[in-house]
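Comments concern the structure below.
Protein chains in written order, with my numbering: chain U, 2 to 280; chain P, 5 to 365.
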């Protein structure tokens with residue numbers, strides 16, 4: 002009876018997923034395995050994937066770096082937040098959430114405005130009298146791998162902080178006292194109790210940053226160069242400019258597989274089944 | 005000890021002897037957990053000192069004290085299995101692998117958890133978790149073990165078993181136990197010394213028998229067991245007057261005509277035919293409690309609780325005799341008049357102190 006009821010309630014979403022996730026996936030698969038002109042079955046698209054491998058690796062590398070940087074920046078923030086008073090916690094929470102209320106596109110464009118050759122930083126440096134070639138910026142910030150990774154970190158940092166914060170909040174302070182009681186100084190309490198217990202949050206945060214970052218195209222489009230082109234950019238180009246939807250479908254498929262493998266590896270770090278997050 | 009300017013503990017002066025089982029007993033909010041946390045090093049007293057073998061411990065952090073704690077609701081590490089929980093302190097101390105193995109297995113044997121090494125903590129029952137918590141603390145061979153209401157979360161039957169178990173472990177290992185509880189029966193049956201606390205002050209320290217038989221004030225008399233507490237006047241040594249009669253008693257050393265509190269334990273009172281009684285009253289209620297009847301008798305408007313195996317019908321007129329050893333005289337205190345009157349008696353009085361799960365923090 003109860004089971005029937007929950008089926009009834011979850012039914013609409015299950016139908017939705019069937020219609021707009023599973024079926025489109027089949028369409029993607031179909032496109033990936035057919036020829037762009039004749040529409041006949043072919044493995045050509047798959048064979049051509051090889052030439053895009055550098056972009057794949059770059060996407061994965063940049064996203065992983067971004068995820069690790071997010072963790073390094075986000076963990077202390079989340080830890081501090083979790084140990085603040087209730088008012089300060091609410092305020093910091095709002096502060097973390099605030100950028101997410103702003104349009105993603107606008108946030109990225111704002112960084113372009115800050116970093117570009119005639120942007121805020123370079124203008125300021127020139128005003129301060131730093132030496133530079135005429136018509137050249139003082140430092141090259143935009144169109145570098147660093148700029149792309151910065152864009153990823155900035156945009157996805159909240160997705161790291163929030164799961165960490167909620168996990169650290171739940172760590173029972175009595176466990177900290179128990180560890181102290183059993184001979185742990187502050188550093189050991191952290192490494193033997195707090196860190197292992199925040200593992201689920203770390204894994205969730207890593208996944209939540211990595212997955213959207215690996216398929217992003219707008220950030221690299223605006224803040225990167227031809228040398229930092231990511232797989233998301235290529236897929237976008239295939240569908241919008243190249244009019245080769247079949248190749249785009251094949252790329253998407255491979256990206257999906259790679260994302261699965263990567264999140265699988267990330268979750269493997271956690272070891273136990275409880276900590277893992279399935280995306 | 006003060007919190008936010010509020011005085012929580014006042015004039016706590018306690019000596020703990022080696023190999024002793026000492027219990028801090030009191031209602032919730034009386035400061036017993038705070039006292040324990042000061043000994044454990046989780047709180048630093050705002051004034052006063054904690055000494056350990058003559059050395060001042062105030063600024064020694066918990067991880068450097070030779071004291072281990074069994075926490076309220078255990079605080080076991082959920083990410084470690086039974087073996088690793090018990091081995092935690094030994095691993096931190098960087099003991100040799102072989103020794104860790106041996107000591108953990110030995111300790112799991114003592115607490116009766118052999119074969120549970122690889123179980124997850126959340127797959128254990130309350131009693132088993134309790135044993136892990138005790139093993140985790142004892143495996144470090146502390147000089148003093150602090151136990152903060154360790155049995156509060158267990159059901160009655162399990163609690164009784166664990167009481168015996170704890171007492172046995174304490175005697176086997178010869179470690180000083182400092183035990184916090186709000187359960188007076190638990191305190192009386194397990195301890196060598198009982199410290200009764202209320203409102204952040206020690207009310208009485210003594211052996212369980214002394215605390216029960218010679219309570220110092222109305223609070224102790226009421227908190228430990230049941231007591232009828234009456235207003236009286238100490239006429240002279242061994243002579244006390246209450247209810248318009250003079251009784252012989254065993255107490256001395258009071259000022260002449262000093263007003264006092266008189267304690268009469270419900271189980272010490274014997275019924276006699278009305279014409280032979282020192283006092284005559286009317287039975288107003290009878291409750292069967294298994295071992296005995298709880299009978300409320302109205303003596304001139306003051307209701308007494310009498311525990312007896314003799315059944316008396318409601319409304320009967322009864323007499324009672326009081327022997328000198330049944331009467332205990334106490335000095336008046338701030339608690340006088342607050343306890344010991346059974347006018348508002350209800351059969352649930354036992355449970356009044358049972359809801360003390362939430363502690364002062």
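We put the CB at the ideal spot given by N, CA and C, even for glycine.
Fair warning: this is a prediction, and the values are worked out from it, not measured in the lab.
Neighbour flag for residue 72 of chain P against chain U, beta carbons, 7 angstroms: Along the second chain, one-based indexing puts residue 72 of chain P at 68. Using beta-carbon distances, residue 72 of chain P counts as an interface residue toward chain U, with a partner under 7 angstroms.
Of the listed residues U:253, U:263, U:270 and U:268, nearest to residue 50 of chain U (C-alpha basis): Mapped onto the first chain, residue 50 of chain U falls at position 49. Out of U:253, U:263, U:270 and U:268, U:253 has the C-alpha closest to the C-alpha of residue 50 of chain U.
Where residue 49 of chain P meets chain U, residues with beta-carbon distance less than 9 angstroms: Within the second chain, residue 49 of chain P is the residue found at index 45, counting from 1. In chain order: nothing, as chain U lies at least about 17 angstroms away.
Beta-carbon proximity list for residue 162 of chain U, same chain, < 6 angstroms, skipping 5 on both sides: In the first chain, counting from the first residue as 1, residue 162 of chain U sits at position 161. Here the set comprises 75, 78, 79 and 97.
Among P:43, P:333 and P:248, nearest to residue 71 of chain P - alpha-carbon criterion: Here residue 71 of chain P is taken as the residue at index 67 of the second chain, counted from 1. Nearest option by C-alpha distance: P:43.
CA-to-CA distance, residue 142 of chain U to residue 236 of chain U, given in whole angstroms: As a first step, residue 236 of chain U must be located in the first chain, where it is residue number 235. As a first step, residue 142 of chain U must be located in the first chain, where it is residue number 141. Rounded to whole angstroms, residue 236 of chain U and residue 142 of chain U show a C-alpha spacing of 26 angstroms.
Cβ contact (3+ pairs, closer than 8 angstroms) linking the segment 151-169 of chain P and the segment 120-132 of chain P: The segment 151-169 of chain P, when compared against the segment 120-132 of chain P, does touch it at the 8 angstroms Cβ threshold.
Near-chain U residues of the segment 17-49 of chain P - C-beta to any C-beta below 7 angstroms: Listed in sequence order: 44 and 46.
Coil, strand or helix - residue 264 of chain U by DSSP: Residue numbering aside, residue 264 of chain U sits at position 263 when the first chain is read from its first letter. In the three-state reduction of the DSSP assignment, residue 264 of chain U falls in the helix class, which pools H, G and I.
C-beta contact flag for residue 284 of chain U and residue 168 of chain U at 7 angstroms: Past the boundaries of the shown model lies residue 284 of chain U; chain U is included only from 2 to 280, so the question cannot be answered.
Same chain, Cβ closer than 6 angstroms to residue 263 of chain P, neighbours up to 5 away in sequence not counted: Stepping through the second chain from its first residue, residue 263 of chain P is reached at position 259. In its chain, beyond the 5 residues on either side, 237 and 336 have a beta carbon closer than 6 angstroms to the beta carbon of residue 263 of chain P.
Length of the line joining the Cα atoms of residue 320 of chain P and residue 287 of chain P: Along the second chain, one-based indexing puts residue 320 of chain P at 316. Along the second chain, one-based indexing puts residue 287 of chain P at 283. Taking the straight line joining both Cα atoms gives about 5 angstroms.
Proximity test, Cβ basis, 7 angstroms: residue 87 of chain U and chain P: On the first chain, residue 87 of chain U is found 86 positions in, with the first residue counted as 1. False, the Cβ-Cβ gap to chain P never drops below 7 angstroms.
Complete runs of the beta strand (DSSP E) confined to the segment 186-241 of chain P [at least 3 residues]: Secondary structure in the segment 186-241 of chain P: the beta strand (DSSP E) runs of 3 residues or longer, each lying completely within the stretch, are 197-202, 205-210 and 232-240 in chain order.
Residue(s) in a DSSP beta bridge with residue 27 of chain P: In the second chain, the residue the question calls residue 27 of chain P occupies position 23. Partner(s): P:183 and P:198.
Proximity test, Cβ basis, 7 angstroms: residue 5 of chain U and chain P: For the purposes of this step, residue 5 of chain U is identified with residue 4 of the first chain, where counting begins at 1. No - not a single Cβ of chain P is within 7 angstroms of the one on residue 5 of chain U.
Helix, strand or coil at residue 323 of chain P [DSSP, three-state]: As a working note, residue 323 of chain P is residue 319 in the second chain. If DSSP states are grouped into helix, strand and coil, residue 323 of chain P belongs with the strands.
Residue 144 of chain P: contacting residues in chain U (beta-carbon distance under 8 angstroms): Position 140 of the second chain, counted from the start, is the residue given in the question as residue 144 of chain P. Result: 183 and 184.
Chain P contact for residue 83 of chain U (CB, 7 angstroms cutoff): Position 82 of the first chain holds residue 83 of chain U. Taking a beta-carbon distance threshold of 7 angstroms, residue 83 of chain U does not count as an interface residue toward chain P.
Reference residue 291 of chain P; option with closest CA among P:306, P:317 and P:45: The sequence position of residue 291 of chain P within the second chain is 287, counting from 1. Residue 291 of chain P has its Cα closest to that of P:317, out of P:306, P:317 and P:45.
Residue 330 of chain P beta carbon less than 7 angstroms from that of residue 272 of chain P: The residue you call residue 272 of chain P lines up with position 268 of the second chain. The residue you call residue 330 of chain P lines up with position 326 of the second chain. Yes, the pair counts as a contact, with Cβ atoms nearer than the cut-off.
Under 7 angstroms by beta carbon: chain U residues contacting residue 93 of chain P: Residue numbering aside, residue 93 of chain P sits at position 89 when the second chain is read from its first letter. Listed along chain U, the residues sitting closer than 7 angstroms to residue 93 of chain P by beta-carbon distance are 183 and 184.
Counted within 10 angstroms of its Cβ, other Cβ atoms place residue 174 of chain U as buried (16 or more) or exposed: Along the first chain, read from residue 1 onward, the residue named residue 174 of chain U stands at position 173. Taking all protein chains in view, the Cβ of residue 174 of chain U is surrounded by fewer than 16 other Cβ atoms within 10 Å, so the residue is classified as exposed.
Beta strand (DSSP E) segment containing residue 332 of chain P, residue limits: Here residue 332 of chain P refers to the residue found at position 328 when the second chain is read from its first residue. Its beta strand (DSSP E) spans residues 331-335.
For residue 285 of chain P, the first and last residue of its enclosing alpha helix (DSSP H): Position 281 of the second chain, counted from the start, is the residue given in the question as residue 285 of chain P. Element bounds for residue 285 of chain P: not the alpha helix (DSSP H) but the beta strand (DSSP E), 283-292.
Beta-ladder partner(s) of residue 300 of chain P, from DSSP: Numbered from 1 along the second chain, position 296 holds the residue referred to as residue 300 of chain P. According to DSSP, residue 300 of chain P bridges with P:289 and P:309.
DSSP state of residue 357 of chain P mapped onto helix, strand, coil: The count along the second chain starts at 1 and reaches residue 357 of chain P at position 353. Residue confidence for residue 357 of chain P is low, a pLDDT of 41 falling below 50, so the modelled location carries little weight; the figure read from the coordinates is stated next. Helix.
Test: residue 343 of chain P CB closer than 7 angstroms to a CB of chain U: Counting from 1 along the second chain, the entry for residue 343 of chain P is found at position 339. By this cut-off, residue 343 of chain P is not an interface position.
Anticipated Cβ contact below 8 angstroms, residue 302 of chain P with residue 309 of chain P, distance rounded: Reading the second chain from its first residue, position 298 is the one you call residue 302 of chain P. Reading the second chain from its first residue, position 305 is the one you call residue 309 of chain P. In this structure, residue 302 of chain P and residue 309 of chain P do not form a Cβ contact; the two beta carbons are roughly 11 angstroms apart against a cut-off of 8 angstroms.
C-alpha gap between residue 123 of chain P and residue 64 of chain P, whole angstroms: Here the question's residue 123 of chain P lines up with position 119 in the second chain. Here the question's residue 64 of chain P lines up with position 60 in the second chain. For residue 123 of chain P and residue 64 of chain P, the distance between alpha carbons rounds to 35 angstroms.
N-terminal and C-terminal residue of the alpha helix (DSSP H) that residue 42 of chain U is part of: Position 41 of the first chain, counted from the start, is the residue given in the question as residue 42 of chain U. For residue 42 of chain U, there is no enclosing alpha helix (DSSP H), as DSSP marks it with neither H nor E.
Within chain P, partners of residue 214 of chain U - CB distance below 8 angstroms: Your numbering for residue 214 of chain U matches position 213 in the first chain. Per Cβ cutoff of 8 angstroms: no residues; residue 214 of chain U is ~29 angstroms from chain P at best.
Where residue 79 of chain P meets chain U, residues with beta-carbon distance less than 8 angstroms: As a position in the second chain, residue 79 of chain P is number 75, starting the count at 1. 173, 175, 176, 178 and 179, listed in chain order.
Cβ neighbour criterion (16 or more within 10 Å) applied to residue 25 of chain P: Here residue 25 of chain P refers to the residue found at position 21 of the second chain. Buried.
6 angstroms CB neighbourhood of residue 121 of chain U in its chain, flanking five on each side removed: Position 120 of the first chain, counted from the first residue, corresponds to residue 121 of chain U. Same-chain partners within the cutoff: 115.
Delimiting residues of the beta strand (DSSP E) encompassing residue 251 of chain P: Here residue 251 of chain P corresponds to residue number 247 of the second chain, with the count starting at 1. Unbroken beta strand (DSSP E) run through residue 251 of chain P: 249-252.
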